[in-house]
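Working notes, beginning with the structure itself.
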Amino acid sequence: MKYIFFVISITYILLPNIIFANDFKILEEKVKFYKSLYKVDCLNEKITDNFGNGFDQLYGTRNMKTILYGIAYRGGANNFYHKSTKRDNHNPLPEDGLNNLCQNGFSEAIYLYSTNFKSSQKIFINNNDTLNYIQNSGNDRGNLRKIFQKIKSIIDNPNEGPIYLHCWNGWHQSGYVSAAILMQFCGLNNEQAYKYWADNADGVNKGFDNVRNQIQNFKVFDDIQITKETSELICPCMKK
183 MKYIFFVISI TYILLPNIIF ANDFKILEEK VKFYKSLYKV DCLNEKITDN FGNGFDQLYG
243 TRNMKTILYG IAYRGGANNF YHKSTKRDNH NPLPEDGLNN LCQNGFSEAI YLYSTNFKSS
303 QKIFINNNDT LNYIQNSGND RGNLRKIFQK IKSIIDNPNE GPIYLHCWNG WHQSGYVSAA
363 ILMQFCGLNN EQAYKYWADN ADGVNKGFDN VRNQIQNFKV FDDIQITKET SELICPCMKK
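Per our numbering, the sequence shown starts with residue 183, numbered consecutively.
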């Protein structure tokens with residue numbers, strides 16, 4: 183996957199004094215690449231479906247959707263419906279899912295629960311691509327901040343691959359963290375963010391008062407900001 187950013191690497195090596203002038207153009211090309219690859223435009227559109235089908239190169243994921251074009255994606259782990267290595271739903275990503283993310287240029291996958299995480303391999307390498315698999319629930323402000331800082335780093339350094347944030351089904355915890363990301367980087371207000379969470383839980387959105395409270399009480403980090411131009415480039419439409 184690194185071949186798609188070959189020009190980026192040359193630019194950084196030969197023209198260090200104009201890196202910042204070129205960053206936005208590089209980001210534009212990266213966004214264009216991932217939009218073309220996954221062929222989705224809006225937040226509610228699935229790249230892989232509830233059974234893990236749809237985009238074969240990302241088999242092992244489930245209910246995968248865009249959060250920020252070329253920067254951050256959300257979803258679940260395809261365990262219960264997996265065609266060859268079926269296991270309990272309460273597990274991290276299967277190995278083929280992690281390998282496929284790596285082959286798609288992703289730099290990091292974040293498991294938003296902790297159950298059975300110790301059993302998973304943590305580093306995946308494909309040619310020049312490396313994917314790190316970490317655990318972070320995003321449930322408190324400190325952990326959310328770490329996720330936001332990673333996203334800001336990817337925005338500021340377009341040669342770095344996207345991240346995949348996942349729970350078990352791709353509905354609740356990944357939806358909550360995604361809602362917070364959209365408030366931080368795309369300007370959604372708390373009510374819009376909660377509606378986004380509820381609309382993207384495949385109808386399993388009754389109860390979950392803790393999620394409603396977390397989203398409605400969220401406040402953006404004033405020191406983690408992007409420009410309006412960048413936001414307009416990476417933020418998908420709400421619904422088609």
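C-beta atoms are modelled at their ideal positions from N, C-alpha and C, and glycine is treated no differently.
query                                                                                                  : result
Cα-Cα separation, Ser302 to Asn339                                                                     : 28 Å
Separation of Glu290 from Ala254, as counted between CA atoms                                          : 10 Å
Check whether Leu313 and Leu280 have beta carbons under 8 Å apart                                      : yes
Whole-number beta carbon distance between Pro418 and Leu225, since they are thought to touch under 8 Å : 5 Å
Per-residue DSSP class, three states only, for Leu209                                                  : helix
Arg394 - DSSP class collapsed to helix/strand/coil                                                     : helix
Inter-residue CB distance, Ile416 and Val222 (contact presumed, cutoff 8 Å)                            : That pair is no contact at about 14 Å.
Collapsed DSSP secondary structure at Lys304 in the structure displayed                                : coil
Collapsed DSSP secondary structure at Met365 in the structure displayed                                : helix
Proximity of Leu250 and Phe330 at Cβ, strictly below 8 Å                                               : no
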